[in-house]
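K.L.:
Going by the working numbering, the letters in the sequence shown line up with residues 53 to 333, in that order. A virtual CB, placed ideally from N, CA and C, is assigned to each residue, including glycine.
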Amino acid sequence: MQASVFTPLDKLRGFMKDGSMNSQYGIQFFAIADPEAAARALPPPLKLINPEAPVYYGYIVNIREPTFAPWYMEGGVGLMARHGETTGLYFLGLQLSGPGALMGAFSGREGSGLPKKLCERILVEREGNWGHCMIQRKGVPLVNVTLRMGRYNDPGFSTEQEGCTRKNPITTEGGCLLHKYQIGTDGFENMHILLYDSPTTFYSWEPAEAEVTLCSSRDDPWGEVPITRVLGAGWMVSDNFVRGQHKLYQYPANETMPTMQYLFSGRYDQCTLAHDHQRYE
């Protein structure tokens, strides 16, 4: 069936209704970031939850059954932060690849303000107790994770989803602190922070010891917040869904452009700032 210029209202009402990223297969990892670098990367008025030992989070998954697109690969990294008493993950950046990546990126950026880009390669591979996940953009491995199943890096580390099964899944609360704005004739405007309320249901979780390498490219400064210590990782199967979005803070007009200085690299490439740019392959 072909698309029409005119979309029937009954179909339009279903746009992204009950949007869910089902049957995610891949990893989550947890680490401690360099405190000074983490503080520099966080836009005010957000604050790190633990300034002395900032929690760094990452995930790389194959989203095998999204409700709004064909399957696609996705991964991102961020810092645990707060606005007042509201806590959540502040994403430094996300990357997507695969058949459904364009719809996943557009819906996430336009609908929620997620800092999403498209990349050429995301890898999720597993053989026995060994695993490997990687995100590559423009030839640069932005994050490379090697895992060995069985235990965490830090013996004292634990997560809520441990012990979940297909018959007895565990749902954990989760949320992101995201920025939305408009682009007007004078640049960026009407910026605000929202809470992206997004629980996850886990069907399997295998503790893993992880080695994590971060790199930066000209367009994606993923290595700018170094990891000082990896706490642990998990190989998982999960569903992630959106329960709601709630506005937390409206930026005054004079704070919009200074805040965009923090946000720009997660959403746009350097070529948008220059008139002389070419790349041929």
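1. Under 6 Å Cβ to Cβ from residue 117, same chain only, skipping five residues before and after it: list those, please.
2. Starting from residue 67, follow the beta strand (DSSP E) in both directions and report where the run begins and ends.
3. So the beta strand (DSSP E) residue 193 belongs to, where does it begin and stop?
4. For a quick check, are the C-beta atoms of residue 169 and residue 246 less than 7 Å apart?
5. Quick one: using the 10 Å Cβ neighbour count with 16 as the cut-off for buried, is residue 59 buried or exposed?
6. Which class does residue 303 belong to by DSSP, given the choice of helix, strand or coil?
7. Quick check on the burial criterion: 16 or more other C-beta atoms within 10 angstroms. Buried or exposed for residue 55?
8. Between which two residues does the beta strand (DSSP E) containing residue 118 stretch?
9. For residue 90, does the count of other Cβ atoms within 10 angstroms reach 16, so buried, or fall short, so exposed?
10. Taking the straight line between their C-alpha atoms, what separation do you get for residue 312 and residue 110?
11. If we count the other Cβ atoms within 10 Å of its Cβ and call it buried at 16 or more, is residue 165 buried or exposed?
12. Which partner residues of residue 232 appear in the DSSP bridge assignment?
13. Could you tell me whether the Cβ atoms of residue 163 and residue 122 are closer together than 7 Å?
14. Using the Cβ count rule (16 or more neighbours within 10 Å means buried), how would you classify residue 279?
15. In the DSSP assignment, the beta strand (DSSP E) including residue 173 goes from what residue to what residue?
16. Check for me: the beta strand (DSSP E) holding residue 254 runs from which residue to which?
17. Taking the alpha carbon of residue 207 as the reference point, which residue from 283, 188, 190, 257 has its own alpha carbon closest?
18. Report buried or exposed for residue 310, applying the criterion of at least 16 other Cβ atoms within 10 angstroms of its Cβ.
19. Pull up the CB-CB distance for residue 343 and residue 113, whole angstroms please, since I reckon it's below 8 Å.
P.N.:
Let me spell this out:
1. 74, 75
2. Here residue 67 belongs to no beta strand (DSSP E), and DSSP marks it neither H nor E.
3. 192 to 201
4. no
5. exposed
6. coil
7. exposed
8. 107 to 118
9. buried
10. 23 Å
11. buried
12. 244
13. no
14. buried
15. 173 to 179
16. 252 to 266
17. 283
18. exposed
19. Nothing about residue 343 can be reported from this structure: the residues present for the chain run from 53 to 333 only.
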